[in-house]
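As you go down the protein sequences, you meet chains A and B in turn.
Counting in UniProt numbering, the first sequence tops out at residue 288, every number present.
Counting in UniProt numbering, the second sequence tops out at residue 288, every number present.
There are 2 protein chains.
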Amino acid sequence: MRIAFLGLGLMGGPMARHVLAGGHALTVWNRSAAKSAPFAERGATVAASPAEAVREAELVILMLENGPIVEAVLFGSGADAAIPPGAVVVDMSSIKPAEAQDHAARLGQRGVRHVDAPVSGGTTAAEGGTLAIMAGGEAEAFALAEPVLRLMGRAVLVGPHGAGQLAKLANQLIVGATIGAVAEALLMAERGGADPAKVREALRGGFAESRILDLHAQRMIDRDFATRGRCVTHLKDLDNALDAAGRMGMAALPYTALTADLYRGLIAADGDPDHSGLLLELERRNPR
Amino acid sequence: MRIAFLGLGLMGGPMARHVLAGGHALTVWNRSAAKSAPFAERGATVAASPAEAVREAELVILMLENGPIVEAVLFGSGADAAIPPGAVVVDMSSIKPAEAQDHAARLGQRGVRHVDAPVSGGTTAAEGGTLAIMAGGEAEAFALAEPVLRLMGRAVLVGPHGAGQLAKLANQLIVGATIGAVAEALLMAERGGADPAKVREALRGGFAESRILDLHAQRMIDRDFATRGRCVTHLKDLDNALDAAGRMGMAALPYTALTADLYRGLIAADGDPDHSGLLLELERRNPR
Numbered sequence: 001m002r003i004a005f006l007g008l009g010l011m012g013g014p015m016a017r018h019v020l021a022g023g024h025a026l027t028v029w030n031r032s033a034a035k036s037a038p039f040a041e042r043g044a045t046v047a048a049s050p051a052e053a054v055r056e057a058e059l060v061i062l063m064l065e066n067g068p069i070v071e072a073v074l075f076g077s078g079a080d081a082a083i084p085p086g087a088v089v090v091d092m093s094s095i096k097p098a099e100a101q102d103h104a105a106r107l108g109q110r111g112v113r114h115v116d117a118p119v120s121g122g123t124t125a126a127e128g129g130t131l132a133i134m135a136g137g138e139a140e141a142f143a144l145a146e147p148v149l150r151l152m153g154r155a156v157l158v159g160p161h162g163a164g165q166l167a168k169l170a171n172q173l174i175v176g177a178t179i180g181a182v183a184e185a186l187l188m189a190e191r192g193g194a195d196p197a198k199v200r201e202a203l204r205g206g207f208a209e210s211r212i213l214d215l216h217a218q219r220m221i222d223r224d225f226a227t228r229g230r231c232v233t234h235l236k237d238l239d240n241a242l243d244a245a246g247r248m249g250m251a252a253l254p255y256t257a258l259t260a261d262l263y264r265g266l267i268a269a270d271g272d273p274d275h276s277g278l279l280l281e282l283e284r285r286n287p288r
Numbered sequence: 001m002r003i004a005f006l007g008l009g010l011m012g013g014p015m016a017r018h019v020l021a022g023g024h025a026l027t028v029w030n031r032s033a034a035k036s037a038p039f040a041e042r043g044a045t046v047a048a049s050p051a052e053a054v055r056e057a058e059l060v061i062l063m064l065e066n067g068p069i070v071e072a073v074l075f076g077s078g079a080d081a082a083i084p085p086g087a088v089v090v091d092m093s094s095i096k097p098a099e100a101q102d103h104a105a106r107l108g109q110r111g112v113r114h115v116d117a118p119v120s121g122g123t124t125a126a127e128g129g130t131l132a133i134m135a136g137g138e139a140e141a142f143a144l145a146e147p148v149l150r151l152m153g154r155a156v157l158v159g160p161h162g163a164g165q166l167a168k169l170a171n172q173l174i175v176g177a178t179i180g181a182v183a184e185a186l187l188m189a190e191r192g193g194a195d196p197a198k199v200r201e202a203l204r205g206g207f208a209e210s211r212i213l214d215l216h217a218q219r220m221i222d223r224d225f226a227t228r229g230r231c232v233t234h235l236k237d238l239d240n241a242l243d244a245a246g247r248m249g250m251a252a253l254p255y256t257a258l259t260a261d262l263y264r265g266l267i268a269a270d271g272d273p274d275h276s277g278l279l280l281e282l283e284r285r286n287p288r
């Protein structure tokens, strides 16, 4: 398949490599050209602009920072007019559900199909080709994209346009609240004289088992808050969830609101550490 | 090893069967004698009272409902005076950390050692011999009990007397908050037009992965709130966590307090459904 891949950052880079390794005719574009060079060496075409990249594409994949950047690259650069009618745009960036719905509608007017397909799993899963991919859009367009998505992870169509982004917000809500609850649990155990590392080990395999207890609890125990998952990004996602819920008339997302409040306190005091730094905020709220 | 096992209920029954299958000389006691009969058929000795059960034990295992019942069976029945000095009491019941510390101190005066070792994983893990066992006490007593505990699951010594119970409360805090967050996420996704079953499927393998997303999310999707994990028990554990934290001077356990508040609302409206019923309470707080 002729595929254009726009955005070769920490996530997009390894994802595009999996697509290329899958034997597809790949054209790449990245804002800073240096990141495209390794792809040229492996046989990909390097485009000078988004519009040039998408001109002959059957599938256009985006992996960009946020909604406004997707807007600029897709619509502000003239790329939208260059995409062949009938092609499918798969936007794997994490943006607002309402933005994804807007993009789908505008591309649809030109006969270009849209699938929102944000991911979870971080750079480790991007590199391993094991991302959780949450897709929204029409079944036919998803079916066309799915064999390519499968090179990057496991994709599930969860609903209509925007539903993939909504599922990503649901994902972020669970991840944030689980980090907070694990931090609260380890702090309570430690203050009561238990060894947090042993508690983590003891809890594994029981009902408290989670990826967060595996990865993030270890960071808390090591007090290693070097940023892998950004608090600022996570807070943005939680605020987007509260905003999206508000638009649906949902008044009460108490776990989301609590976690957003803790992130706000953490960011005010500590800048932008790893999101497992919620422990620091809970420690602050419980002075010795 | 000569082992006495007191309490053959939904959890204790399968746990005692694993101990018997491990080749130990087992004496069992249960409040209602009917549950002892199958053990007699398999070669265990059935005792008529707790005191009779423990008389020659090197290891005494308790699996009872709560702290007051442990108090009654262990101290109110004269069993404590019948346990040979040097023996180890392993209390696998879920009781308050302060109660476990009290029991350890009182037994210690008679030269009987105490390990608190509550479990997580429910009846499935009890039957499979795959419980997560959180132990508190002295290393030597734990080392003596550990080969027997291993027949029932995986045991980790997390700290001094009471620390196992504290770890269990930490476990319950994480489990409750994760159930709440998963319910909130699925509700938001559903209200936004996504298919909750597909969202659960899409999220699996990402950072939101957990035992709760596996088991409890499925119950929410099936709207199957038949009680496997009781809300009333879970709320009792959360209140015990808040109480224990208060004794340590911890003012803020916000995830625990939020989850306890939701359980209180749920119990007031719906009685005592499965703890995955937190979805019902969140639905009520977000009328359509």
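Every residue, glycine too, gets a C-beta built ideally from N, C-alpha and C.
Quiz item: Quick one: which chain A residues come within Cβ less than 9 angstroms of Thr256 (chain B)?
Solution: Counting from one through the second sequence, the residue named residue 256 (chain B) turns up at place 256. Correct list: Ala181, Glu184, Ala185 and Met188.
Quiz item: Are Leu144 (chain B) and Met63 (chain B) close, meaning C-beta to C-beta below 9 angstroms?
Solution: Position 144 of the second sequence, counted from the first residue, corresponds to residue 144 (chain B). Position 63 of the second sequence, counted from the first residue, corresponds to residue 63 (chain B). Not a contact, by the Cβ cut-off of 9 angstroms.
Practice problem: Locate the beta strand (DSSP E) running through Ser80 (chain B), then write down its first and last residues. | Solution: Position 80 of the second sequence holds residue 80 (chain B). The residue you asked about is not Ser; residue 80 (chain B) is Asp in the sequence shown. First-last for Asp80 (chain B): Ala79 to Ala82, but that is the alpha helix (DSSP H), not the beta strand (DSSP E).
Self-check item: Reduced DSSP category for His18 (chain A) - H, G, I as helix; E, B as strand; rest coil
Solution: Working through the first sequence from its first residue, we reach residue 18 (chain A) at position 18. Three-state DSSP puts His18 (chain A) in a helix.
Quiz prompt | Continuous alpha helix (DSSP H) assignments of at least 4 residues falling wholly in the region 136-215 of chain A | solution = 139-149, 163-191 and 196-203
Exercise. Name, please, each residue of chain A whose Cβ falls closer than 7 angstroms to the Cβ of Glu201 (chain B).
Key: Walking along the second sequence from the start, residue 201 (chain B) turns up at place 201. The answer, in chain order, is Val156.
Quiz item: When DSSP labels each residue in this structure, what does Leu6 (chain B) get in the three-state scheme?
Solution: Within the second sequence, numbered from 1, the residue matching residue 6 (chain B) stands at position 6. In this structure, Leu6 (chain B) counts as strand in the three-state DSSP scheme.
Exercise. Give me the Cα-Cα distance between Val182 (chain A) and Ala34 (chain A), rounded to the nearest whole angstrom.
Key: Translated into positions along the first sequence, residue 182 (chain A) becomes position 182. Translated into positions along the first sequence, residue 34 (chain A) becomes position 34. Each residue's Cα considered, the two are about 40 angstroms apart.
Self-check item: Gly246 (chain B) burial status per 10 Å Cβ neighbour count (16 or more: buried)
Solution: As a first step, residue 246 (chain B) must be located in the second sequence, where it is residue number 246. It counts as exposed.
Practice problem: Answer yes or no: does any C-beta atom of chain A fall closer than 9 angstroms to that of Gly95 (chain B)? | Solution: Residue mapping note: residue 95 (chain B) aligns to position 95 of the second sequence, counting from 1. The identity of residue 95 (chain B) in the sequence shown is Ile, whereas the question assumes Gly. So, not an interface residue.
Quiz item: So which residues of chain B does Met248 (chain A) contact, with C-beta pairs closer than 8 angstroms?
Solution: In the first sequence, counting from the first residue as 1, residue 248 (chain A) sits at position 248. Within chain B, the residues near Met248 (chain A) are Met188, Arg191 and Gly192.
Quiz item: At a Cβ threshold of 9 angstroms, is Met134 (chain A) touching chain B?
Solution: Residue mapping note: residue 134 (chain A) aligns to position 134 of the first sequence, counting from 1. True, the Cβ-Cβ gap to chain B drops below 9 angstroms.
Self-check item: Candidates A:Glu58, A:Met248, A:Thr233 and A:Met250, of which the one nearest Thr259 (chain A) by Cα
Solution: For the purposes of this step, residue 259 (chain A) is identified with residue 259 of the first sequence, where counting begins at 1. Answer by Cα proximity: A:Thr233.
Self-check item: Rounded Cβ spacing between Asp116 (chain A) and Ala141 (chain A) (contact assumed at less than 8 angstroms)
Solution: As a first step, residue 116 (chain A) must be located in the first sequence, where it is residue number 116. As a first step, residue 141 (chain A) must be located in the first sequence, where it is residue number 141. So it is not a contact: roughly 11 angstroms between Cβ atoms.
Quiz item: If we ignore side chains and look at the alpha-carbon of each, how far apart do Gly277 (chain A) and Pro254 (chain B) end up?
Solution: Along the first sequence, one-based indexing puts residue 277 (chain A) at 277. Along the second sequence, one-based indexing puts residue 254 (chain B) at 254. Answer to the nearest angstrom: the Cα atoms are 16 angstroms apart.
Quiz prompt | Close beta carbons around Gln172 (chain A), own chain, < 6 angstroms, minus the five adjacent residues each side | solution = Numbered from 1 along the first sequence, position 172 holds the residue referred to as residue 172 (chain A). If we look at Gln172 (chain A) and ignore the five residues flanking it on each side, its Cβ neighbours are Asp237.
Quiz item: Met11 (chain A) to Met152 (chain A), Cα distance in whole Å?
Solution: Locating residue 11 (chain A) in the first sequence gives position 11, counting from the first residue. Locating residue 152 (chain A) in the first sequence gives position 152, counting from the first residue. So the two alpha carbons sit approximately 11 angstroms from each other.
Quiz item: At a cut of 8 angstroms, does the region 267-281 of chain A reach the region 12-23 of chain B through at least three beta carbon pairs?
Solution: no
Practice problem: Output the boundary residues of the beta strand (DSSP E) element that contains Thr27 (chain B). | Solution: Residue mapping note: residue 27 (chain B) aligns to position 27 of the second sequence, counting from 1. From DSSP, the beta strand (DSSP E) with Thr27 (chain B) extends over Ala25 to Trp29.
Practice problem: Step through the CB atoms of chain B and report whether any lies within less than 9 angstroms of the CB of Phe207 (chain A). | Solution: For this step, residue 207 (chain A) is matched to residue 207 along the first sequence. Phe207 (chain A) counts as touching chain B.
Exercise. Identify the contact partners of Ala252 (chain B) in chain A, using a Cβ-Cβ distance below 8 angstroms as the criterion.
Key: Sequence index remark: in the second sequence, residue 252 (chain B) carries index 252 (1-based). Correct list: Leu282, Arg285 and Asn286.
Exercise. Report yes if the C-beta distance between Ser210 (chain A) and Ile174 (chain B) is below 9 angstroms; otherwise report no.
Key: The count along the first sequence starts at 1 and reaches residue 210 (chain A) at position 210. The count along the second sequence starts at 1 and reaches residue 174 (chain B) at position 174. Yes, these two residues count as a Cβ contact at 9 angstroms.
Self-check item: One or two residues paired with His234 (chain A) in a DSSP bridge
Solution: Taking the first residue of the first sequence as 1, we reach residue 234 (chain A) at position 234. The partner list for His234 (chain A) (beta bridge, DSSP) is empty, contrary to what the question assumes.
Exercise. Evaluate the contact criterion for the region 67-87 of chain B versus the region 223-233 of chain B: three or more CB pairs, one atom per stretch, below 8 angstroms.
Key: no
Quiz item: Just the Cα atoms here: how many angstroms apart are Ser120 (chain A) and Cys231 (chain A)?
Solution: Taking the first residue of the first sequence as 1, we reach residue 120 (chain A) at position 120. Taking the first residue of the first sequence as 1, we reach residue 231 (chain A) at position 231. Rounded to the nearest angstrom, the two C-alpha atoms are 15 angstroms apart.
Practice problem: Give the range of the beta strand (DSSP E) segment to which Val70 (chain B) is assigned. | Solution: As a position in the second sequence, residue 70 (chain B) is number 70, starting the count at 1. Unbroken run through Val70 (chain B) is the alpha helix (DSSP H), Gly67 to Glu71; no beta strand (DSSP E).
Quiz item: Distance, Cα to Cα, His24 (chain A) vs Val156 (chain B)?
Solution: As a first step, residue 24 (chain A) is located in the first sequence; it is residue number 24 there, counting from the start. As a first step, residue 156 (chain B) is located in the second sequence; it is residue number 156 there, counting from the start. Each residue's alpha carbon lies about 50 angstroms from the other.
Quiz prompt | Leu235 (chain B) to Pro85 (chain B) span [Cα, whole Å] | solution = In the second sequence, counting from the first residue as 1, residue 235 (chain B) sits at position 235. In the second sequence, counting from the first residue as 1, residue 85 (chain B) sits at position 85. If you take the alpha carbons of Leu235 (chain B) and Pro85 (chain B), they lie about 37 angstroms apart.
Self-check item: With 16 other Cβ atoms within 10 Å as the buried cut-off, status of Pro287 (chain B)
Solution: Within the second sequence, residue 287 (chain B) is the residue found at index 287, counting from 1. Exposed, because fewer than 16 other Cβ atoms sit within 10 Å of the Cβ of Pro287 (chain B).
Quiz item: Helix, strand or coil for Arg288 (chain A) per DSSP?
Solution: Reading the first sequence from its first residue, position 288 is the one you call residue 288 (chain A). Looking at Arg288 (chain A) - three-state DSSP - the assignment turns out to be coil, as it is neither helix nor strand.
Self-check item: Span of the beta strand (DSSP E), counted from its first residue to its last, around Arg106 (chain B)
Solution: Mapped onto the second sequence, residue 106 (chain B) falls at position 106. Segment Pro97 to Gly108 is the alpha helix (DSSP H) holding Arg106 (chain B); no beta strand (DSSP E) there.
Quiz item: Which of the three DSSP states, helix, strand or coil, is assigned to Thr45 (chain A)?
Solution: Numbered from 1 along the first sequence, position 45 holds the residue referred to as residue 45 (chain A). It is a strand residue.
Quiz item: For the beta strand (DSSP E) that contains Leu62 (chain B), what are its first and last residues?
Solution: In the second sequence, residue 62 (chain B) corresponds to position 62, counting from 1. Per DSSP, Leu62 (chain B) belongs to the beta strand (DSSP E) from Leu59 to Leu62.
Quiz item: Quick one: Cα of Gly67 (chain A) to Cα of Gly265 (chain A), how far?
Solution: Walking along the first sequence from the start, residue 67 (chain A) turns up at place 67. Walking along the first sequence from the start, residue 265 (chain A) turns up at place 265. Each residue's alpha carbon lies about 25 angstroms from the other.
Self-check item: Local conformation of Ala269 (chain A) per DSSP, three classes
Solution: Here residue 269 (chain A) refers to the residue found at position 269 when the first sequence is read from its first residue. In this structure, Ala269 (chain A) counts as helix in the three-state DSSP scheme.
Practice problem: Spatial neighbours of Asp272 (chain B) within its chain, please: CB distance less than 8 angstroms, with the 5 preceding and 5 following residues excluded, ordered by chain position. | Solution: Along the second sequence, read from residue 1 onward, the residue named residue 272 (chain B) stands at position 272. Excluding positions up to five away in sequence, the list reads Thr227, Arg230, Cys231 and Val232.
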